[in-house]
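Note sheet for the following structure.
Set out below in structure tokens:
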């Protein structure tokens with residue numbers, strides 16, 4: 071009897087191992103679930119392989135790929151402002167082509183006005199290049215293009231395809247150039263481009 075009680079009081083090696091396993095088993099899933107989740111790669115290598123390398127931007131914070139570099143250069147190009155061209159530089163014709171001005175007008179603060187009189191039997195299309203759209207001038211009508219900055223080019227074309235002769239007329243108004251647009255049958259005398267230089271010299275082509 072004494073031996074039975076003794077057996078019950080002293081745990082054997084088998085009881086110790088079994089008890090340890092029972093205590094350890096519930097903690098294993100807890101340790102596994104407490105392990106940190108693997109971090110996601112925000113810059114996967116696919117962004118640097120074709121065709122994504124040249125077509126898809128990488129997320130912010132990743133090294134740039136070819137698409138990022140190309141788009142960044144385009145954005146920089148849009149922000150670059152080209153230098154302003156000087157407006158007071160006169161470029162006269164080359165010496166061997168130098169022609170005599172048909173008239174001179176005194177620009178007022180760098181601007182002139184041009185009065186066009188249509189003396190033909192056809193409407194005329196005219197335009198101050200860079201300052202007006204193409205407009206129509208009815209036969210027998212006149213128009214004043216005001217405050218055109220010099221240098222300026224005015225083009226004139228007959229709607230019926232006929233030839234033009236442009237003649238300057240005297241004007242008492244300062245800063246005003248008056249021209250009469252007539253018909254001609256001379257191919258060599260066909261004119262339709264009026265150029266006013268910054269110094270006020272007027273040329274015809």
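Numbering (our numbering), first residue to last: 71 to 275. Glycine residues also receive a C-beta, built at the ideal position from the N, C-alpha and C atoms. Keep in mind that this is a model prediction, so the values were computed, not measured.
Does the Cβ of residue i have 16 or more other Cβ atoms within 10 Å, making it buried, or fewer, making it exposed?
{"i": "residue 116", "result": "exposed"}
{"i": "residue 133", "result": "exposed"}
{"i": "residue 274", "result": "buried"}
{"i": "residue 249", "result": "buried"}
{"i": "residue 272", "result": "buried"}
{"i": "residue 218", "result": "buried"}
{"i": "residue 142", "result": "exposed"}
{"i": "residue 239", "result": "exposed"}
{"i": "residue 191", "result": "exposed"}
Express the C-alpha separation of residue j and residue i in angstroms, rounding to a whole number.
{"i": "residue 212", "j": "residue 189", "result": "9 angstroms"}
{"i": "residue 210", "j": "residue 182", "result": "23 angstroms"}
{"i": "residue 234", "j": "residue 187", "result": "12 angstroms"}
{"i": "residue 216", "j": "residue 129", "result": "55 angstroms"}
{"i": "residue 140", "j": "residue 111", "result": "24 angstroms"}
{"i": "residue 255", "j": "residue 214", "result": "27 angstroms"}
{"i": "residue 124", "j": "residue 144", "result": "14 angstroms"}
{"i": "residue 242", "j": "residue 204", "result": "28 angstroms"}
{"i": "residue 122", "j": "residue 135", "result": "9 angstroms"}
{"i": "residue 251", "j": "residue 180", "result": "25 angstroms"}
Am I right that residue i and residue j are in contact with their C-beta atoms under 8 angstroms? What's the rounded C-beta distance?
{"i": "residue 262", "j": "residue 175", "result": "Actually they do not touch by this definition, with Cβ atoms about 19 angstroms apart."}
{"i": "residue 244", "j": "residue 178", "result": "6 angstroms"}
{"i": "residue 202", "j": "residue 268", "result": "Not a contact, Cβ separation roughly 19 angstroms."}
Hey, out of the options, whose CA is closest to residue i's CA?
{"i": "residue 126", "options": "132, 133, 138", "result": "138"}
{"i": "residue 131", "options": "118, 113, 122", "result": "113"}
{"i": "residue 228", "options": "123, 264, 133, 207", "result": "207"}
{"i": "residue 224", "options": "247, 242, 142", "result": "247"}
{"i": "residue 184", "options": "143, 135, 236", "result": "236"}
{"i": "residue 200", "options": "180, 222, 191, 192", "result": "222"}
{"i": "residue 231", "options": "265, 266, 122, 257", "result": "257"}
{"i": "residue 277", "options": "226, 204, 205", "result": "Because the chain is modelled from 71 through 275, residue 277 falls outside the range shown and cannot be assessed."}
Practice task
Give a yes or no on contact between the region 168-175 and the region 188-204, applying the rule of three or more CB pairs nearer than 8 angstroms.
Solution key: no
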